[in-house]
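Here the sequence shown is numbered in our numbering, starting from 134 and rising by one per residue.
A virtual CB, placed ideally from N, CA and C, is assigned to each residue, including glycine.
Since the structure is predicted, the reported quantities are computational estimates derived from the model, not experimental observations.
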Amino acid sequence: MENNRILVTGGGGFIGANLANKLAENNDVVALDDGYLGTPENVSEDVEYVEQSVLDDDLPTDVDVVFHLAALSSYAMHEDNPTHGARVNVEGFVNTVEQARDDGCDTIVYASTSSIYGSRTEPSPEDMDVTVNTGYEASKMARETYAEYFQNHYDLTLAGMRFFSVYQGYGGAEEHKGEYANVIAQFADDLASGNAPKLYGDGEQTRDFTHVDDIVRGLVLAAEHELNGVYNLGTGEAYDFNTVVEMLNDELGTDIEPEYVENPIPEDVYVHDTCADFSKMHEATGWEPGISFEEGIELVCAPYT
Numbered sequence: 134m135e136n137n138r139i140l141v142t143g144g145g146g147f148i149g150a151n152l153a154n155k156l157a158e159n160n161d162v163v164a165l166d167d168g169y170l171g172t173p174e175n176v177s178e179d180v181e182y183v184e185q186s187v188l189d190d191d192l193p194t195d196v197d198v199v200f201h202l203a204a205l206s207s208y209a210m211h212e213d214n215p216t217h218g219a220r221v222n223v224e225g226f227v228n229t230v231e232q233a234r235d236d237g238c239d240t241i242v243y244a245s246t247s248s249i250y251g252s253r254t255e256p257s258p259e260d261m262d263v264t265v266n267t268g269y270e271a272s273k274m275a276r277e278t279y280a281e282y283f284q285n286h287y288d289l290t291l292a293g294m295r296f297f298s299v300y301q302g303y304g305g306a307e308e309h310k311g312e313y314a315n316v317i318a319q320f321a322d323d324l325a326s327g328n329a330p331k332l333y334g335d336g337e338q339t340r341d342f343t344h345v346d347d348i349v350r351g352l353v354l355a356a357e358h359e360l361n362g363v364y365n366l367g368t369g370e371a372y373d374f375n376t377v378v379e380m381l382n383d384e385l386g387t388d389i390e391p392e393y394v395e396n397p398i399p400e401d402v403y404v405h406d407t408c409a410d411f412s413k414m415h416e417a418t419g420w421e422p423g424i425s426f427e428e429g430i431e432l433v434c435a436p437y438t
């Protein structure tokens, strides 16, 4: 993607900043963020940073492509204030798309979630039945439904990307997320600091861990191919938390046992296992994960070694 004007909402956050910085190498990029989980320190000097909420009027949507990543992105954030969560994740999405449409932009790529698949150890395809157990999941499903409306009624191009467990480590923009960072980043920082990582339950839950560089590449391909509908971005492989801690210990040269604690998230809503079927995205764009989990572990640990 070259010589485009691009808006990245949530552009000061973890995934958004990585995307904005990559796109700014060959494009004119605006990163918009309200400062809740994002910071201008995450973006390069080549990116125009705007501190603004996606709920505002007069968003900088006079662009060729919008990547809408702004969201309250966890179960806890929504349960603390469900109304605010719905406003940001649903109303903010509609507001951004409406303003983009008014400004003549018809290509939008937005963040959805793999959490709607529930707990599955087998790869989850996009056409399987999904369920909503939390306010966070409900807000992302609402995005997908509104996207279908915009596609059908206004002939816009909207691609919803169902992210699986995205990580980078504290050597990049993920560090600013703190307690909301991926468990790999948190576990690595604990171990490198000489502390025992805290694992919920018995540590046997699994995640399809996907490196942010692969996510960024998938987002760009979705825009370049002007995709419609929903697509998984995940590796198709899953690792349990106990194995993650073992691999991090090996890479860091530490030998610290995890501490097992009670899961604060109710079992009936906790997603115990995730795994992506990325064949639809591969068929549409050729995308496939490029960073193995072993390489990802090395990248996460590199700042400490």
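Excluding sequence positions up to five away, which residues of its chain have a Cβ less than 7 Å from the Cβ of residue i?
i	result
P193	L140, V163, L165 and V183
D195	D236
L324	P330, L381, N382, L385, T387 and I389
Out of curiosity, what's the CA-to-CA distance linking residue i and residue j?
i	j	result
D197	I241	9 Å
S272	H405	20 Å
T278	D288	14 Å
G218	A244	15 Å
V180	E416	32 Å
A355	A292	7 Å
S252	A157	37 Å
T368	I424	9 Å
G351	D262	23 Å
I430	N285	42 Å
E178	G168	17 Å
Quick one: residues in its chain with C-beta nearer than 6 Å to the C-beta of residue i, no 5 flanking neighbours on either side, listed in chain order?
i	result
P436	G304
G149	V141, G143 and L202
A275	V223
W420	G351, L354 and M414
When we look at the beta-carbon of residue i and count the other beta-carbons within 10 Å, is it buried (16 or more) or exposed?
i	result
H201	buried
N175	buried
N214	exposed
E255	exposed
S206	buried
S326	exposed
E259	buried
P399	exposed
Can you check whether the CB of residue j is closer than 8 Å to the CB of residue i?
i	j	result
D341	C408	yes
T339	D373	yes
F296	V230	no
Y333	N315	no
G144	L170	no
A321	E307	no
G268	H309	no
V187	N228	yes
S248	E281	no
P391	V402	no
State the beta-bridge partners of residue i as determined by DSSP.
i	result
E392	K331
By Cβ distance, which residues of its chain are closer than 8 Å to residue i, with the 5 residues on each side in sequence left out?
i	result
E427	M380
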